[in-house]
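In what follows, a structure is listed as structure tokens, so that the remarks can point back to it.
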Amino acid sequence: MNYPKEHFQIVEALLREGRFLIEGEAAFATLKENRAFYQEFFKLSFQLDLELTADYALLKSSRNNDALARDICVFLGILCYEIDREGHNLMERLQFAVFSVEEIEQKLALSSFFEIIEATPGLKDEPTRRKFYNQMARRQLIIKQGEDAFRFTPAHRYFLEYARSFSRLIIREEEE
Amino acid sequence: MIYKAEPDKVLRFVQDNFNLLRELYRLQLRDSIVSQDAFQALTTYQGEVIKKRLFDYKLLTERNGDYRLTEAVRQFLGFLLNEFKPLLPAQLRRYQISLGDLFGLLQTTPASQEDLLLERQEHLYDEILSFLDNVAGNTSQLLRKTQRLKSNKRQLSYPERVHQARHLIEHYIQPLNQILNHQNENSITRLLWRMGERMILEKIATHSPAIQERYEQLDDLLRSANEHLLRQSRIITRELLPLLERLQRESEVLNGWLFFLESPLLRPVPDFTKPSRYPTFSDQTESEVRFFLEQFANRQEGILISVAGAATENSLPRFFDSRTYARRLQAALPVANYFQWCIDTLQQYESQLDAQHFIQLASLVFDETANYTLLFSESRVRLQLAGITYLAPVIEVKPVQS
Chain Z
224 MNYPKEHFQI VEALLREGRF LIEGEAAFAT LKENRAFYQE FFKLSFQLDL ELTADYALLK
284 SSRNNDALAR DICVFLGILC YEIDREGHNL MERLQFAVFS VEEIEQKLAL SSFFEIIEAT
344 PGLKDEPTRR KFYNQMARRQ LIIKQGEDAF RFTPAHRYFL EYARSFSRLI IREEEE
Chain W
128 MIYKAEPDKV LRFVQDNFNL LRELYRLQLR DSIVSQDAFQ ALTTYQGEVI KKRLFDYKLL
188 TERNGDYRLT EAVRQFLGFL LNEFKPLLPA QLRRYQISLG DLFGLLQTTP ASQEDLLLER
248 QEHLYDEILS FLDNVAGNTS QLLRKTQRLK SNKRQLSYPE RVHQARHLIE HYIQPLNQIL
308 NHQNENSITR LLWRMGERMI LEKIATHSPA IQERYEQLDD LLRSANEHLL RQSRIITREL
368 LPLLERLQRE SEVLNGWLFF LESPLLRPVP DFTKPSRYPT FSDQTESEVR FFLEQFANRQ
428 EGILISVAGA ATENSLPRFF DSRTYARRLQ AALPVANYFQ WCIDTLQQYE SQLDAQHFIQ
488 LASLVFDETA NYTLLFSESR VRLQLAGITY LAPVIEVKPV QS
């Protein structure tokens, strides 16, 4: 049988590196073209679910207690809150803005959620956060712009959608 | 009634001074009146004649020291410029009453009073038209406002835009949608539907030709009205409500995060796979290899007594030079059975094998994984070492293909 052209890159990225594939990568286009094949491939070979949206893809394993995922949620949650507090459109900022590490450090230091940052092992101080940025870059959640700046890839929406699902949960709880 | 000029002369005046009238119209649109000062500023360079004619032709009237365009003129200019203030939905809703009343009156008018019937048909017809015009005007104004808000030409800050959008949505768009929503029992659209059904019945009933004709006109109008309203309703749904959705989405994201941050260590987190790398080898490889080999050890039970113990201990070389062995391994590549090779090589140097040296040697390929390609096979090799039998896998070592 013939495998699609970027098969190795797809498996390498999604499975071995555990990162997002994003719109613009050749492997992503191939993945989209062969959606049904890869859904079956990852399910049957590794028991993993492929989530494929218009601009990002990742594998899901129904592990919902990943430490890095938690760090990302805390980080993004606070960042969104701060962006909104400063009066910016958070969706637009996350999509288009380049964030300097210095700017982010300042936001975090002044944030009323700073205690949560300190209590989160993966984010507790600046050197740890540097490692955290590198981890996010490896997972293709951000793209570095030089040493001290980065912008978010479309994959950040995965986490925003997750936050929205909470919001629906709250509404249901209130209704009940 | 304009006493001082013929109607066509007035129209020509409007044409000649259209710029001035447009500015007056816009001023009034913004401030509801044209203030004395604004009027003076606008007409500084206009001749006295023109100012005088504005009043003579009743285009402008004075009210408590300020000015207003005459209502008919205001409407006409609004129509020409296609610039209105969107009506508040309350202003549109009054059509529900007026249309309902006129319709009720029409139904209760006895067929014998033909003149009255004709008159009421006519009023109903006009009222429906007026309603449709207003709705169309309103939708187009709202659409324009929304588009301006989206493109943000006025460089409003984000909170201001949110505020304006909310205002538009809450006070204009949603109520307007209610009025036009055909699924809502109390909407005007539904009222028009009911009228339409009635008109069809009246059309086939026996009436005098004049009345019959009017009913047909009403029927035609109502048919086109429903299409028209559906179109307006669709514009609202397609263009205006997504704006609301975008805002709502944003607040949903924020609410979700706030909920998460209330107890960030207890809430579930999104599903995220771990990278599944092959095991890497590091400075702990030696102990790892030891564990690895120990699982193959068939330890013999009982006490082992080494007869030659102390004597051989001293004769063994105490020094293990890994670089020498690495060179030998490089020279010997490819090696079909790595552990066997280790034993063979050690035996060349040591008559009695030292388990410690063997483990150090065996860890060579795992320390420098970049230099070797390892192929693990299913078969096992039996190794005798310091009284212990190891069942080690057969590993083939090849140089890395570049």
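Line order of the protein sequences matches chains Z and W.
Count along the first sequence from 1, then add 223; that gives the number in our numbering.
Count along the second sequence from 1, then add 127; that gives the number in our numbering.
Note that the Cβ used here is the ideal one computed from N, Cα and C, for glycine as well.
- Chain order gives the chain Z residues near S403/W as L238, R239 and G241, where near means a beta carbon separation below 8 angstroms.
- Taking a C-beta distance under 8 angstroms as the contact criterion, A292/Z and F399/W qualify as a contact pair.
- Contact annotation for E372/W against chain Z: no contact, minimum CB-CB distance about 12 angstroms [criterion: below 7 angstroms].
- The alpha-carbon separation between V416/W and A489/W amounts to approximately 8 angstroms.
- Within the DSSP secondary-structure output, P391/W pairs in no beta bridge.
- Between W468/W and chain Z, the shortest Cβ-Cβ separation is not below 8 angstroms.
- For E328/Z, the enclosing alpha helix (DSSP H) stretches over residues V324 to L333.
- In the structure shown, the three-state DSSP call for A132/W is coil.
- Annotation for C303/Z: L313 place their beta carbon closer than 7 angstroms to its own, counting only its chain and skipping 5 residues before and after.
- For K367/Z, the uninterrupted beta strand (DSSP E) segment begins and ends at I365 to K367.
- Under the DSSP assignment, L267/Z falls in the alpha helix (DSSP H) whose first and last residues are R258 to F269.
- Identification of chain W residues near Y261/Z by a Cβ-Cβ cut-off of 8 angstroms yields none; the smallest Cβ-Cβ distance measures about 14 angstroms.
- For V521/W, the enclosing beta strand (DSSP E) begins and ends at I515 to P526.
- The residues L151, L154, Q155 and Y194, in chain order, have a CB closer than 6 angstroms to that of V161/W in the same chain once the five nearest residues on each side in sequence are set aside.
- Residue pairing for I255/W: DSSP places it in no beta bridge.
- When 8 angstroms is used as the limit between beta carbons, T276/Z is near no residue of chain W, the shortest such separation being about 13 angstroms.
- Bounds of any beta strand (DSSP E) do not take in K354/Z; it lies within the alpha helix (DSSP H) bounded by E349 to R361.
- Only residues of its own chain outside the window of five on either side were considered, and among them S490 have a CB closer than 6 angstroms to the CB of E413/W, listed in chain order.
- With contacts defined as CB atoms closer than 8 angstroms, T343/Z and D294/Z qualify as a contacting pair.
- Taking C-beta atoms as the reference points, Y279/Z and I245/Z count as a pair closer than 8 angstroms.
- Put simply, the CB of T351/Z is far from chain W, with every gap to its CB atoms at 8 angstroms or more.
- With contacts defined by Cβ atoms closer than 8 angstroms, F243/Z and Q363/Z form a contacting pair.
- Here S388/Z has no same chain residue with a Cβ atom under 7 angstroms from its own Cβ, once five neighbours each way along the sequence are excluded.
- Residue pairing by DSSP places F375/Z opposite I365/Z in a beta bridge.
- Only residues of its own chain outside the window of five on either side were considered, and among them V527 have a CB closer than 7 angstroms to the CB of N498/W, listed in chain order.
- Linking E389/W to L226/W through their CA atoms gives a straight-line distance of about 54 angstroms.
- Contacts between L254/Z and chain W, judged by CB atoms closer than 8 angstroms, are missing: the closest CB pair is about 15 angstroms apart.
- Relative to R288/W, the option among Y476/W, I300/W and R275/W whose CA is nearest is R275/W.
- In the DSSP secondary-structure assignment, K283/Z is bridged to D272/Z.
- Residue burial is scored here from C-beta neighbours: L215/W has fewer than 16 other C-beta atoms within 10 angstroms and is therefore classed as exposed.
- Within the same chain, E229, Q232, I233, A236 and L244 come within 8 angstroms of A250/Z by CB-CB distance, once the 5 residues on both sides are set aside.
- For a cut-off of 8 angstroms, the C-beta gap from L251/W to H355/W is around 17 angstroms, too long to register as a contact.
- Using a Cβ-Cβ distance cut-off of 8 angstroms, the region 368 to 388 of chain Z and the region 316 to 325 of chain Z are in contact, since at least three pairs of beta carbons, one from each stretch, lie closer than that value.
- Flagged as an interface residue toward chain Z: T400/W, by a C-beta distance shorter than 8 angstroms.
- V462/W has V524/W as its beta-bridge partners, per DSSP.
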